[in-house]
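A.B. asks: Okay, handing you the structure first.
Protein chains in written order, with the numbering used here: chain A, 1 to 129; chain B, 1001 to 1537.
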């Protein structure tokens, strides 16, 4: 099966690096990492991801704004986005069924197993909006 | 009394220097002259005798001036018998009258004395000595009478014009006299005479007042006391009374004078004042409590902001570590047998750190608090909603005893729900091999017994009521552990660390509970822990 293309956006280089290592090691994914909000749309158009993992708190642009930019792009709006956030607790994610503002998200710290299960779930799911 | 008798003494001394004015009313001229002669002997020169032979003459003399004594023969040409005395008496004013009678009309003379004449002398049966004595005594008696009259008048005026209540009682407590001021309290004083004075005393005070009355009679020492009257129409009047005893000739108390004052208005004002004071105190305490809460809230706000920042900053490095551990354990092979154990421990350490950070976030997420009235039972029910699956997974039986209609508590519902979610989570995780989670709420306070679930319908907040939530986890004995002393959390974590994690979560919960004026107590037993949260309404 063709590996899925995942775009990971997080200002913490160590996180993007380790996520890439973990995901690519499975052989199921091809990962591109971005460490700032500004280049995300351009990177996405170029990389054509199947799914985007997006940190909510980016130093330059708010993650929510980046998501809005992505969704306003005709070619990208069908690409599922999963927020990564350090500000919300696991219980809250569960209580909201993993959604915030209509988009799924996972709370840091999260293990690889949970990241993969969330990716798989959202790859098959219909876009929610 | 000295100030009272003083002017009379002055008058007597003055009068002693003046001649005694005698009006002699006698129609028999010879007898009249004889009497006049006798009188001059008896009273020497300090005497002025005027003769009147008829009632009309006597009347004219009485009209003219003041007399020290009137000697009156009852048989006059123009009037006879008792009528003579009555006519003279009517005109004589304060002057004492001595009746002169014949042997045959002595009875009439006695009757005249009964009606106010000072004395009577039977003609032919008295000598100069007797006459002199009769006159002196008559004058003196009249003066004493006058003095007594004035004294009585003085006391009557006092008794009848004061607003205080004056009563004279016999030793059995029956009423002999009540001042007119009783009219407004117990009705016409005339009708009270002879009735028992304890009847209208409030039943709750009656025995005590009866005792004080008896003590007063026995000791002869009056007492001051407060009590209540319960009047026919059901109204209650408060009075303050001072009793004093009047003694008879032998010195034994024979009457009790009770001077009372209606202090109902004073008592009511005092009560109102006390109620107002209590209100002010309560308001002041509430204000202080609010200030304390505000201060604590502000402190917590600062801590929250700080905690949120710390939590956020720590989560990213934790994420890195966790991903690193995942990678190492999945894809890096080594011959070192310790590697797997180390990675497992590192993973648990991350989990522990995360748990601490979640505690910090608990403080920060709801830093903007929304304080409203909440029903603790309802908050608990809402907090339990997400736990169905977890309860099932851990084979934990849930026993719910949530009292309806608890007094409402003012707090931030969202924060408090998180406290409960935390506690339930801790409890469920503590019961590794299953167990029972009991959650119970009730209220107790002045209106309820210690035992009690909140009885009755939901009501407004009763002052001082305590609303309690009990959360108890009782684990099934975990058979996978050989010794019963082994840590019950062993299935999930390292024995050393878990205690601390739990304490931290509890510390945060404690802070939040205290913020809303509550407290939490923890009772640990071998198989479980009971958390008792109590809030004052």
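Here a beta-carbon is modelled for each residue, glycine too, at the ideal position from N, C-alpha and C.
Name the chain B residues whose beta carbon is nearer than 8 Å to that of residue 61 (chain A)?
C.D. replies: Sequence index remark: in the first chain, residue 61 (chain A) carries index 61 (1-based). In chain order: nothing, as chain B lies at least about 17 Å away.
A.B. asks: Within 8 Å (strictly less), CB to CB, does residue 78 (chain A) reach chain B?
C.D. replies: The residue given as residue 78 (chain A) occupies position 78 in the first chain. By this cut-off, residue 78 (chain A) is not an interface position.
A.B. asks: Count the other CB atoms, across all protein chains shown, that sit within 10 Å of the CB of residue 1066 (chain B); report buried if there are 16 or more and exposed otherwise.
C.D. replies: Here residue 1066 (chain B) corresponds to residue number 66 of the second chain, with the count starting at 1. Burial call: exposed.
A.B. asks: Throw me the rounded Cβ distance for the residue 1072 (chain B) and residue 1111 (chain B) pair, which I believe falls under 8 Å.
C.D. replies: Reading the second chain from its first residue, position 72 is the one you call residue 1072 (chain B). Reading the second chain from its first residue, position 111 is the one you call residue 1111 (chain B). That pair is no contact at about 13 Å.
A.B. asks: Which of helix, strand or coil does DSSP assign to residue 1536 (chain B)?
C.D. replies: Here residue 1536 (chain B) refers to the residue found at position 536 of the second chain. Strand.
A.B. asks: When you compare only the Cα positions, how much space is there between residue 1467 (chain B) and residue 1405 (chain B)?
C.D. replies: Position 467 of the second chain, counting from 1, holds the residue named residue 1467 (chain B). Position 405 of the second chain, counting from 1, holds the residue named residue 1405 (chain B). Going by the C-alpha atoms only, they are around 11 Å apart.
A.B. asks: If you check the beta carbons only, do residue 1245 (chain B) and residue 1260 (chain B) fall under 8 Å apart?
C.D. replies: Here the question's residue 1245 (chain B) lines up with position 245 in the second chain. Here the question's residue 1260 (chain B) lines up with position 260 in the second chain. No. Outside cutoff.
A.B. asks: Going by the CB atoms, is the gap between residue 55 (chain A) and residue 9 (chain A) shorter than 8 Å?
C.D. replies: Numbered from its first residue, the first chain carries residue 9 (chain A) at position 9. Numbered from its first residue, the first chain carries residue 55 (chain A) at position 55. In contact: residue 9 (chain A) and residue 55 (chain A) (Cβ atoms closer than 8 Å).
A.B. asks: Beta carbon of residue 1076 (chain B), beta carbon of residue 1054 (chain B): below 8 Å?
C.D. replies: As a working note, residue 1076 (chain B) is residue 76 in the second chain. As a working note, residue 1054 (chain B) is residue 54 in the second chain. Taking 8 Å as the Cβ cut-off, residue 1076 (chain B) and residue 1054 (chain B) qualify as a contacting pair.
A.B. asks: CA-CA distance, residue 1431 (chain B) and residue 1528 (chain B)?
C.D. replies: In the second chain, counting from the first residue as 1, residue 1431 (chain B) sits at position 431. In the second chain, counting from the first residue as 1, residue 1528 (chain B) sits at position 528. In a straight line, the C-alpha of residue 1431 (chain B) is about 8 Å away from that of residue 1528 (chain B).
A.B. asks: Pull up the distance between the alpha-carbon of residue 1335 (chain B) and that of residue 1389 (chain B), whole angstroms please.
C.D. replies: As a position in the second chain, residue 1335 (chain B) is number 335, starting the count at 1. As a position in the second chain, residue 1389 (chain B) is number 389, starting the count at 1. Near 40 Å, if we compare the C-alpha coordinates of residue 1389 (chain B) and residue 1335 (chain B).
A.B. asks: In angstroms with no decimal places, state the Cα-to-Cα distance between residue 81 (chain A) and residue 1352 (chain B).
C.D. replies: The count along the first chain starts at 1 and reaches residue 81 (chain A) at position 81. The count along the second chain starts at 1 and reaches residue 1352 (chain B) at position 352. Rounded to whole angstroms, residue 81 (chain A) to residue 1352 (chain B) spans 29 Å at the Cα level.
A.B. asks: Taking 8 Å as the threshold (beta carbon to beta carbon), is residue 111 (chain A) in contact with chain B?
C.D. replies: Counting from 1 along the first chain, the entry for residue 111 (chain A) is found at position 111. True, the Cβ-Cβ gap to chain B drops below 8 Å.
A.B. asks: How would you write the range of the alpha helix (DSSP H) that residue 1155 (chain B) sits in, first residue to last?
C.D. replies: Against the second chain, residue 1155 (chain B) aligns to sequence position 155. Run containing residue 1155 (chain B): 1128–1161, per the alpha helix (DSSP H) assignment.
A.B. asks: Which class does residue 1053 (chain B) belong to by DSSP, given the choice of helix, strand or coil?
C.D. replies: As a working note, residue 1053 (chain B) is residue 53 in the second chain. Reduced to three states, the DSSP call for residue 1053 (chain B) is coil.
A.B. asks: Which whole runs of the beta strand (DSSP E) in the segment 1224–1249 of chain B are 3 residues long or more, in chain order?
C.D. replies: Correct list: 1224–1230 and 1236–1247.
A.B. asks: Confirm, please, whether the CB-CB distance from residue 7 (chain A) to residue 45 (chain A) is below 8 Å.
C.D. replies: As a first step, residue 45 (chain A) is located in the first chain; it is residue number 45 there, counting from the start. As a first step, residue 7 (chain A) is located in the first chain; it is residue number 7 there, counting from the start. No. Outside cutoff.
A.B. asks: Is the shortest distance between the beta-carbon of residue 121 (chain A) and the beta-carbons of chain B less than 8 Å?
C.D. replies: Taking the first residue of the first chain as 1, we reach residue 121 (chain A) at position 121. No - not a single Cβ of chain B is within 8 Å of the one on residue 121 (chain A).
A.B. asks: What is the DSSP secondary structure of residue 1432 (chain B), reduced to helix, strand or coil?
C.D. replies: What you label residue 1432 (chain B) is simply residue 432 of the second chain in a count that begins at 1. Note: residue 1432 (chain B) maps to coil in three-state DSSP.
A.B. asks: Measure the CB-CB distance between residue 1181 (chain B) and residue 1169 (chain B) and report whether it falls below 8 Å.
C.D. replies: Reading the second chain from its first residue, position 181 is the one you call residue 1181 (chain B). Reading the second chain from its first residue, position 169 is the one you call residue 1169 (chain B). Not in contact: residue 1181 (chain B) and residue 1169 (chain B) (Cβ atoms no closer than 8 Å).
A.B. asks: Ignoring anything shorter than 3 residues or poking outside the segment 1251–1283 of chain B, list the beta strand (DSSP E) runs there in chain order.
C.D. replies: As far as the segment 1251–1283 of chain B is concerned, its whole beta strand (DSSP E) runs of at least 3 residues are 1253–1262.
A.B. asks: Pop quiz: residue 22 (chain A) and residue 1323 (chain B) are said to be a contact at Cβ under 8 Å. What is the actual Cβ separation, rounded to whole angstroms?
C.D. replies: Working through the first chain from its first residue, we reach residue 22 (chain A) at position 22. Working through the second chain from its first residue, we reach residue 1323 (chain B) at position 323. That pair is a contact at about 6 Å.
A.B. asks: Go through its chain and collect everything with a Cβ distance to residue 1370 (chain B)'s Cβ below 8 Å, but skip five positions before and after it.
C.D. replies: Your numbering for residue 1370 (chain B) matches position 370 in the second chain. Taken in chain order, the residues that qualify are 1412, 1413 and 1414.
A.B. asks: Flag this pair as yes or no: are the beta carbons of residue 1027 (chain B) and residue 1074 (chain B) separated by less than 8 Å?
C.D. replies: On the second chain, position 27 is the one that residue 1027 (chain B) refers to. On the second chain, position 74 is the one that residue 1074 (chain B) refers to. Their beta carbons are not under 8 Å apart, which means residue 1027 (chain B) does not touch residue 1074 (chain B) by this criterion.
A.B. asks: In chain order, what residues of the same chain have a beta carbon less than 7 Å from the beta carbon of residue 1047 (chain B), not counting five sequence neighbours either side?
C.D. replies: By one-based count along the second chain, residue 1047 (chain B) stands at place 47. For residue 1047 (chain B), where only same-chain residues beyond five positions count, the Cβ hits under 7 Å are 1019, 1020, 1022, 1039 and 1040.
A.B. asks: Say yes only if the C-beta of residue 1186 (chain B) is nearer than 7 Å to one or more non-hydrogen atoms of the ligand COA, and no if none qualify.
C.D. replies: In the structure shown, the ligand COA is absent, as is every other ligand, since no ligand is present at all.
A.B. asks: Between B:1348, B:1117 and B:1256, which has its C-alpha nearest residue 1214 (chain B)'s C-alpha?
C.D. replies: Working through the second chain from its first residue, we reach residue 1214 (chain B) at position 214. For the residues B:1348, B:1117 and B:1256, the minimum Cα distance to residue 1214 (chain B) belongs to B:1256.
A.B. asks: Is DSSP giving residue 1531 (chain B) helix, strand or coil here?
C.D. replies: As a first step, residue 1531 (chain B) must be located in the second chain, where it is residue number 531. Strand at residue 1531 (chain B).
A.B. asks: List, in chain order, every chain A residue whose beta-carbon is nearer than 9 Å to that of residue 1360 (chain B).
C.D. replies: Counted from its first residue, the second chain places residue 1360 (chain B) at position 360. The contacting residues do not exist; residue 1360 (chain B) stays about 10 Å from chain A at best.
A.B. asks: Nearest chain B C-beta to residue 103 (chain A) closer than 8 Å, yes or no?
C.D. replies: For the purposes of this step, residue 103 (chain A) is taken as the residue at position 103 of the first chain. Not an interface residue.
A.B. asks: Quick check: is the beta carbon of residue 35 (chain A) nearer than 8 Å to any beta carbon in chain B?
C.D. replies: One-based indexing of the first chain puts residue 35 (chain A) at position 35. No, residue 35 (chain A) does not count as interfacial toward chain B.
A.B. asks: How about residue 18 (chain A): is its C-beta nearer than 8 Å to some C-beta of chain B?
C.D. replies: Indexing the first chain from 1 puts residue 18 (chain A) at position 18. Yes, because at least one Cβ of chain B sits closer than 8 Å to the Cβ of residue 18 (chain A).
A.B. asks: According to the neighbour-count rule (16 or more other Cβ atoms, all chains shown, within 10 Å of its Cβ), is residue 1277 (chain B) buried or exposed?
C.D. replies: The sequence position of residue 1277 (chain B) within the second chain is 277, counting from 1. Residue 1277 (chain B) is exposed by the Cβ-count criterion.
A.B. asks: Verify whether the separation of the beta carbon atoms of residue 1200 (chain B) and residue 1186 (chain B) is less than 8 Å.
C.D. replies: For this step, residue 1200 (chain B) is matched to residue 200 along the second chain. For this step, residue 1186 (chain B) is matched to residue 186 along the second chain. Cβ distance < 8 Å, so residue 1200 (chain B) and residue 1186 (chain B) count as in contact.
A.B. asks: Just checking: is the beta-carbon of residue 1319 (chain B) within a distance shorter than 8 Å of some beta-carbon in chain A?
C.D. replies: Position 319 of the second chain, counted from the first residue, corresponds to residue 1319 (chain B). True, the Cβ-Cβ gap to chain A drops below 8 Å.
A.B. asks: On the CB-based measure, 16 or more other CB atoms within 10 Å of its CB, does residue 1189 (chain B) come out buried or exposed?
C.D. replies: The residue you call residue 1189 (chain B) lines up with position 189 of the second chain. Label assigned to residue 1189 (chain B): buried.
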